[in-house]
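First residue of the sequence shown: 579, per the working numbering; consecutive thereafter.
For glycine and all other residues, C-beta sits at the position ideal for the given N, C-alpha and C.
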Amino acid sequence: MEQYGRAFTRTEPLLEHLGLARDECPYRLGSGEGQPMLVPVSLAGCMRSGDWYDPVLLQVLPRAEEETAREGFCRDPVGDCDAAVEPGLLHKYGSRVLLITTDACAVHCRYCFRRGLHGRAIRLERGALKRIVRYVRDHADIVEVICSGGDPFMLPCATLREIVEPLLTIEHVRTIRIHTRVPIVEPLRLGAGIEELVNDIACRRTCVVVIHANCAQEITRDCRAKLQRLRAAGAVLLNQSVLLKGVNDSADELERLCRTLVDTGVLPYYLHQLDRVEGAWHFEVPVDSGLGLVRQLRARLPGYAVPRYVRDTTGASSKEMLG
Ligand SMILES: *Cc1c(COP(=O)(O)O)cnc(C)c1O
Ligand code: SF4
Numbered sequence: 579m580e581q582y583g584r585a586f587t588r589t590e591p592l593l594e595h596l597g598l599a600r601d602e603c604p605y606r607l608g609s610g611e612g613q614p615m616l617v618p619v620s621l622a623g624c625m626r627s628g629d630w631y632d633p634v635l636l637q638v639l640p641r642a643e644e645e646t647a648r649e650g651f652c653r654d655p656v657g658d659c660d661a662a663v664e665p666g667l668l669h670k671y672g673s674r675v676l677l678i679t680t681d682a683c684a685v686h687c688r689y690c691f692r693r694g695l696h697g698r699a700i701r702l703e704r705g706a707l708k709r710i711v712r713y714v715r716d717h718a719d720i721v722e723v724i725c726s727g728g729d730p731f732m733l734p735c736a737t738l739r740e741i742v743e744p745l746l747t748i749e750h751v752r753t754i755r756i757h758t759r760v761p762i763v764e765p766l767r768l769g770a771g772i773e774e775l776v777n778d779i780a781c782r783r784t785c786v787v788v789i790h791a792n793c794a795q796e797i798t799r800d801c802r803a804k805l806q807r808l809r810a811a812g813a814v815l816l817n818q819s820v821l822l823k824g825v826n827d828s829a830d831e832l833e834r835l836c837r838t839l840v841d842t843g844v845l846p847y848y849l850h851q852l853d854r855v856e857g858a859w860h861f862e863v864p865v866d867s868g869l870g871l872v873r874q875l876r877a878r879l880p881g882y883a884v885p886r887y888v889r890d891t892t893g894a895s896s897k898e899m900l901g
């Protein structure tokens, strides 16, 4: 049987897999029209059976709330569309650029602010990549290139290598960073080729891999094993989370997450205040509550294990520190 690449794309089979009867659902399910459902079988494997409020399930299950508009929630809340300097390249923050390598993700998170990308079949054509490399070469203040998306680890290794190789020839690019959720939601997708690529980057520059876990339950045995291999290959591992109502909005859950990350060799980097994207309002935790949670974390954990609580704001020159 295939070890990865199988996913639930409809609500019924997922509910059935979890032993949940649709007519007993305590909340209203949605059609997933704005963003089709996509849940790797491996991610479903870490959900608790029979629990409508499982924190992993809540991140991926289409809800009726997605289809109702809310004041203040819009399509491009962080102004990304205005920050594109070349197709596929965002240059919002002086010293680093963000490269949209693909629109594909292994999972569709219901709160995602880039959800508009999914299904747009974004590919970096040779010409676009050339222009991007020229832009980075011409801007000596760019010291870091962030490969994002979508999820760069969804690309065939050879494709990701084609993107990264020319960047490694630019003297002022000191760090290649990869933003990915694959090690969490579908760890077995990462093969030896990716480890080699990470190792090749790490031998020449600093290679930072930022994963995205929101609760401790997501860090399964397979996930740990894969992260350890990436670390052995030379990657610096960081995690970003989004503060999500019903998922990780308690000090106990956040503490468990941070401790599990540190145990796995991953430092908590960011805890993001939810971006106010259309259809995600039911996940929002008020900033005041977030500040209280981070204060509790500081009392319970060593400093390096407490993520920075941040918000992305349109037009700012870095993320806004909340606490
Ligand atoms: C978050 C973000 C970055 C990276 O910011 P760091 O604070 O260095 O993690 C870069 N570009 C864009 C557009 C971003 O949203
Ligand atoms: S993995 Fe990241 S980019 Fe992809 S849907 Fe989830 S939050 Fe969005």
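For ligand 1, no non-hydrogen atom lies closer than 8 Å to the CB of D729. CA-CA distance, M615 to I797, rounds to 21 Å. Remark: fewer than three beta-carbon pairs, one from each stretch, lie closer than 8 Å, so the region 608 to 625 and the region 803 to 810 are not flagged as touching. Beta bridge pairing from DSSP links M899 with V888. In this structure P885 touches S819 by the C-beta definition: roughly 7 Å separates them, less than 8 Å. Under DSSP, L849 shares a beta bridge with S819 and Y887.
Under the DSSP definition of a beta bridge, I754 partners with V723 and C785. Contact between the region 642 to 651 and the region 616 to 632 is absent: fewer than three C-beta pairs spanning the two stretches fall below 8 Å.
DSSP places V634 inside the alpha helix (DSSP H), whose first and last residues are P633 to V638.
A check of alpha carbon separations from R807 across D658, C793, P761 and D629 identifies P761 as the nearest.
Setting aside the 5 residues that flank it on each side, E644 is surrounded in the same chain by G608, G612, R688 and G857, each with a C-beta closer than 7 Å to its C-beta; the list follows chain order. The Cβ-Cβ distance between V840 and Y887 does not fall below 9 Å. Between the alpha carbons of H750 and C785 lies a gap of roughly 14 Å.
Per DSSP, Y671 is one residue of the beta strand (DSSP E) stretching across L667 to Y671.
DSSP places L839 in the uninterrupted alpha helix (DSSP H) bounded by A829 to D841. In the DSSP assignment, F586 forms a beta bridge with V617. Ranked by how close their Cα comes to the Cα of N817, the residues V788, T842 and T838 have V788 in first place. N792 has its alpha-carbon roughly 7 Å from the corresponding atom of N826.
Only buried fits P633, as 16 or more other CB atoms lie within 10 angstroms of its CB. For I797, there is no enclosing alpha helix (DSSP H), as DSSP gives it neither H nor E. In this structure, R641 places its C-beta atom within 9 Å of the C-beta atom of H860.
By the criterion of a C-beta distance shorter than 8 Å, R584 is surrounded in its chain by P618 and V619, once the five residues flanking it on both sides are discounted. In the structure shown, the three-state DSSP call for R759 is coil.
When distances are taken from the beta-carbon of R674 to the heavy atoms of ligand 1, the shortest one is below 8 Å.
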